[in-house]
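2 protein chains.
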Amino acid sequence: MPHGSMKGDAMSKIWANSGDSHVMEPDDVWTSRLPAHLAERAPRAVKDERHETVYVDGQTVFRTLNAFAEAARAPGARDLSARLADLDAEGVVNQVLFPSMGLWTYRITDGELWRACASAYNSWMAEEVMSASDRLVGVAMLPLLSTEDAVAELQRAADLGFRAAMLATTPPEGRDYNLDVWDDLWAAAADANLALAFHVGTGADPRMFRGPGAVVINYVETFIPGQRTVAILTAAGVLDRHPGLKVFIAEGGASWVPALADRMDEGYRQHGAFASPKLSRLPSEMIFEQVYASFQHDRSAIPAFEAMEYPNVLWGDDYPHLEGTYGHTQETLRQLFGAVDPATAERVLVSNFDRLLGTTTRVPVTA
Amino acid sequence: MPHGSMKGDAMSKIWANSGDSHVMEPDDVWTSRLPAHLAERAPRAVKDERHETVYVDGQTVFRTLNAFAEAARAPGARDLSARLADLDAEGVVNQVLFPSMGLWTYRITDGELWRACASAYNSWMAEEVMSASDRLVGVAMLPLLSTEDAVAELQRAADLGFRAAMLATTPPEGRDYNLDVWDDLWAAAADANLALAFHVGTGADPRMFRGPGAVVINYVETFIPGQRTVAILTAAGVLDRHPGLKVFIAEGGASWVPALADRMDEGYRQHGAFASPKLSRLPSEMIFEQVYASFQHDRSAIPAFEAMEYPNVLWGDDYPHLEGTYGHTQETLRQLFGAVDPATAERVLVSNFDRLLGTTTRVPVTA
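Same order as they appear, the protein sequences are chains L and Z. Take the first sequence: its letter number 361 is residue 361 in the working numbering, and every next letter is one higher. Take the second sequence: its letter number 157 is residue 1157 in the working numbering, and every next letter is one higher.
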């Protein structure tokens, strides 16, 4: 039985796969693998008394209060055996692992540096993390300034055993995802059967607000480019030309997907005479079949699956980040899934992860 | 009974209020009411052999194929008695009326011109349209470059009998809706009990894509600033400080609202220690109570109401525009509402309109 039951034993554990978790990279993940002239430009965090500042390639890409940076750091954030103990305690079987500091590489503007950072990270992830447990499913980072570079790294990642490769929700300037410059990457991903994973908040921020409410407004802003990415890949015919290609938007929730699908069907039908390319399937059909999306706490996610018939809802713990469920995972899962149809829970918590990644989950954990 | 029944008589009409319809302004709506130096800068459309081009204040703000501009223009687009006959035929009781050409006034960058255009439009709407039938519920346009101007026109509109006033989903540069420069307008709207209506596609376009899929991608882009507007008004405490204030996002669908509400609750809860202002209610509570949203065709709209418990779903015909239901209104309503709980249909098709605008709908039409 893939999930706990509330009947009889209110405390039985609900086991879940997490489609959205993060490693906290060791400080030397890049410096130990890159030549000095690149290592000094790799992502690094510097703390003063009040702030943590992240630098990449000479740019300041992020600055936050130390209190914010340090909030809710789980014991296993940097230590793999502690992480696996956390997983057992929280009831998480497998985790899709995105980077943390590495998220900022998607702001790099130098091709050589980005290539080197992505490659070093992927080697580290395969050698040091994925080798430790098959419960840890890494996502390969791709350099995005050149499609040739992205294809080469994607193929290397496939050879290293990765099942998903990561792009930015906002691509580099001038390289919108509807342009044919990307065609070789879509074909390579489809050929290698690697899912394309887009994590919210990656690439250049489209907008940043200041003033009243800005913290929450900007949190909302991060989920907009994920919607845009799905719209672009669908309308430009990428999903249509590669029906086996799977796209995953991580950490942005899942219930926006049916809304977007309806919006696109309306746009395609009502403006269809003026649309190019023509599509062989309705946008909603492609999206419901090929696009996956993960949520943490959203009450609307299960109704998106059950009432709006969007099948590819994934749950994620976002461990060990502040937006995630660490410390309250079982409480969250019980609130969300305690009373739902077991088939729904099985699909959202377990098998959609396997569908996306081509894995096979054994529950309960026996490793 | 507020809507038709499929039992016994498959052709019985489903009557609905439309929260999102448009007038097509007569060519002289501005020129006949403005002094010459302003009249020549008011919105105007110029046709050549292939294209229709819209100019406002010396800017070219829109250019489209004549075929696109002329598609699906209903007989009553410009003629009020023909419009009322269209409403009867389509099964629409009342319409909220937004402008068409006037949508482009939300790009004006000159305060005097904007003030004059909004005022002339509102006078025309009250004198020439709303006076013809209480089934035609105009939305007043507001000039947005100065809050003082906006407040003055809102108060004039209230005196003229308007029940809603229109803002742009994207405000003028430097005047984001979270800033306190707007406070007097929120207070004036709450005092006058006028709903704030935001129609998709108004204000400066945040992004425009070119190339494959652009027609549909840009259709999706138009619904993003509506999401942003709700996020901003909620996070900045505007809804919290004015619990009677109602906000309406027109023509962007309705099922994105629960997704946004969940996103905001997560952001406020998880980042709440760093958020300012503090809110007395959860974002989702304020949004579900004070924010209304209208859809035309979306299959996900009724599940957003029934399964996600978002109460303020409104339907709209978008008459006479191409994105709307003219010519297939009854077919669309039967597909969407033919099998749903009558209480759902009554709320979405009839009484939410009255809740938003403070009107009382008599169905069937007896006027």
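Backbone N, C-alpha and C define an ideal beta-carbon position, used for all residues, glycine too. Since the model is a prediction, treat every value here as computed from it, not as a measurement.
State yes or no: is the C-beta of residue i within less than 8 Å of the C-beta of residue j?
| i | j | result |
| --- | --- | --- |
| L97 (chain L) | S12 (chain L) | no |
| S1284 (chain Z) | P212 (chain L) | no |
| L1279 (chain Z) | Q1227 (chain Z) | no |
| D317 (chain L) | Q296 (chain L) | yes |
| G1358 (chain Z) | N1193 (chain Z) | yes |
| A1254 (chain Z) | V1313 (chain Z) | yes |
| L113 (chain L) | R41 (chain L) | yes |
| F162 (chain L) | F1274 (chain Z) | no |
| V92 (chain L) | A204 (chain L) | no |
| W104 (chain L) | V56 (chain L) | yes |
| T1234 (chain Z) | F1198 (chain Z) | no |
| L160 (chain L) | A126 (chain L) | yes |
| Y1378 (chain Z) | Q1059 (chain Z) | Lying outside 1001 to 1367, the shown extent of chain Z, residue 1378 (chain Z) is not represented and no answer is given. |
| A343 (chain L) | S294 (chain L) | no |
| A1330 (chain Z) | I1014 (chain Z) | Here residue 1330 (chain Z) turns out to be Gln, not Ala, going by the sequence shown. Closer than 8 Å, so yes. |
| N66 (chain L) | R44 (chain L) | no |
| L1080 (chain Z) | A1132 (chain Z) | yes |
| R269 (chain L) | V1220 (chain Z) | no |
| V1230 (chain Z) | V1291 (chain Z) | yes |
Less than 6 Å between C-beta atoms, sequence neighbours within five positions excluded: which residues of the same chain meet that for residue i?
| i | result |
| --- | --- |
| D86 (chain L) | A74, G76 |
| T1222 (chain Z) | V1200, G1201 |
| A1195 (chain Z) | A1164, K1246, F1248, L1356 |
| G1244 (chain Z) | A1190 |
| I232 (chain L) | Y177, N178 |
| H1242 (chain Z) | W1186, A1190 |
| V1054 (chain Z) | A1045, V1061, F1062, W1104 |
| R83 (chain L) | G76 |
| G1252 (chain Z) | V1200, F1223, G1226 |
Among residues of its own chain, excluding the 5 on either side of residue i, which ones have a beta-carbon nearer than 7 Å to its beta-carbon?
| i | result |
| --- | --- |
| L1142 (chain Z) | A1118, A1150, E1153, L1154, A1165, M1166, L1167 |
| E1025 (chain Z) | P1099, S1100, M1101, G1102 |
| M1308 (chain Z) | P1258 |
| D1240 (chain Z) | L1279, S1280, R1281, M1286 |
| T360 (chain L) | D354 |
| P171 (chain L) | L144, Y177, G203 |
| D110 (chain L) | D57 |
| K1047 (chain Z) | N1066 |
Can you give me the Cβ contacts of residue i inside the same chain, cut-off strictly under 8 Å, excluding the 5 residues immediately before and after it?
| i | result |
| --- | --- |
| V1348 (chain Z) | A1301, I1302, F1305, V1313, L1314, W1315, F1337 |
| R175 (chain L) | L144, L145, V181, W182 |
| I1217 (chain Z) | F1209 |
| V1379 (chain Z) | Outside the displayed range of chain Z (1001 to 1367) lies residue 1379 (chain Z), so it cannot be described from this structure. |
Does the ligand MN have even one heavy atom less than 7 Å from the beta-carbon of residue i?
| i | result |
| --- | --- |
| A1304 (chain Z) | The ligand MN is not among the ligands present in this structure, which contains no ligands whatsoever. |
query = Whole alpha helix (DSSP H) runs in the region 108-161 of chain L with 4 or more residues, listed along the chain?
reply = You should have 111-124, 147-160.
ask   = Does the pairing of the region 1181-1195 of chain Z with the region 143-157 of chain L give three or more beta-carbon distances under 8 Å?
value = The region 1181-1195 of chain Z makes no contact with the region 143-157 of chain L; the number of CB pairs closer than 8 Å stays below 3.
key: Completely contained alpha helix (DSSP H) runs for the region 1194-1236 of chain Z, where each covers 4 or more residues   = You should have 1214-1221, 1224-1235.
request  = Starting from the N-terminal side, write out each stretch of the alpha helix (DSSP H) that is 4 residues or longer and does not extend beyond the region 16-57 of chain L.
outcome  = Entirely contained in the region 16-57 of chain L, the alpha helix (DSSP H) runs reaching 4 residues are, in chain order, 36-39.
query = Taking the runs of the beta strand (DSSP E) that are 3 residues or longer, which of them lie wholly in the region 1052-1102 of chain Z?
reply = Qualifying beta strand (DSSP E) stretches, in chain order: 1059-1065, 1092-1098.
ask   = Using a Cβ cut-off of 8 Å, which residues of the region 326-339 of chain L contact any Cβ in chain Z, in chain order?
value = Listed by position, the residues of the region 326-339 of chain L near chain Z (Cβ gap below 8 Å) amount to none.
The region 1028-1039 of chain Z / the region 1116-1131 of chain Z touching (three or more Cβ pairs under 8 Å) = With the rule of 3 Cβ pairs closer than 8 Å, the region 1028-1039 of chain Z counts as touching the region 1116-1131 of chain Z.
key: Contact residues within the region 246-261 of chain L, judged by C-beta distance below 9 Å to chain Z   = Of all residues in the region 246-261 of chain L, G252, G253, A254, S255, W256, V257, P258, A259, L260, A261 have a Cβ within less than 9 Å of some Cβ in chain Z.
key: Selection of the region 1020-1050 of chain Z by Cβ proximity to chain L, strictly under 7 Å   = Listed in sequence order: no entries.
key: Residues within the region 214-236 of chain L neighbouring chain Z, beta-carbon criterion of under 8 Å   = Flagged, chain order: A214, V215, V216, I217, Y219, V220, E221, F223, I224, Q227, R228, A231, I232, T234, A235, A236.
key: Proximal residues, the region 271-282 of chain L versus chain Z, C-beta separation under 8 Å   = Here the close residues are H271, A273, F274, A275, S276, P277.
request  = Return the residues of the region 181-214 of chain L that lie within a Cβ-Cβ distance of less than 8 Å from chain Z, sorted by chain order.
outcome  = Of all residues in the region 181-214 of chain L, only P206, R207, F209, G211, P212, G213, A214 come within less than 8 Å of chain Z when Cβ atoms are compared, listed by chain position.
ask   = Could you give the uninterrupted runs of the alpha helix (DSSP H) lying entirely in the region 1245-1287 of chain Z, keeping only those of 4 residues or more?
value = Those alpha helix (DSSP H) runs which fall completely within the region 1245-1287 of chain Z and span 4+ residues are 1256-1270.
request  = Starting from the N-terminal side, write out each stretch of the alpha helix (DSSP H) that is 4 residues or longer and does not extend beyond the region 291-339 of chain L.
outcome  = For the region 291-339 of chain L, whole alpha helix (DSSP H) runs of length 4 or above, ordered along the chain, are 301-306, 329-337.
inquiry  = Residues of the region 1307-1318 of chain Z in Cβ contact with chain L at a cutoff of 7 Å, in chain order, please.
reply    = The region 1307-1318 of chain Z vs chain L, Cβ under 7 Å: A1307, M1308.
task = For the region 161-182 of chain L, enumerate the residues whose C-beta is nearer than 9 Å to any C-beta of chain Z, in chain order.
result = Of all residues in the region 161-182 of chain L, the ones placed with a Cβ closer than 9 Å to any Cβ belonging to chain Z are D176, N178, L179, D180, in chain order.
key: Residues in the region 1119-1149 of chain Z having any Cβ partner in chain L nearer than 8 Å   = Near chain L, meaning a CB-to-CB distance below 8 Å, no residue of the region 1119-1149 of chain Z qualifies.
ask   = Quick one, which residues of the region 1346-1367 of chain Z are near chain L if we go by CB-CB under 7 Å, in chain order?
value = Of all residues in the region 1346-1367 of chain Z, none has a Cβ within less than 7 Å of some Cβ in chain L.
Chain-ordered residues of the region 91-114 of chain L with a beta carbon less than 9 Å from chain Z = Cβ contacts with chain Z: none found.
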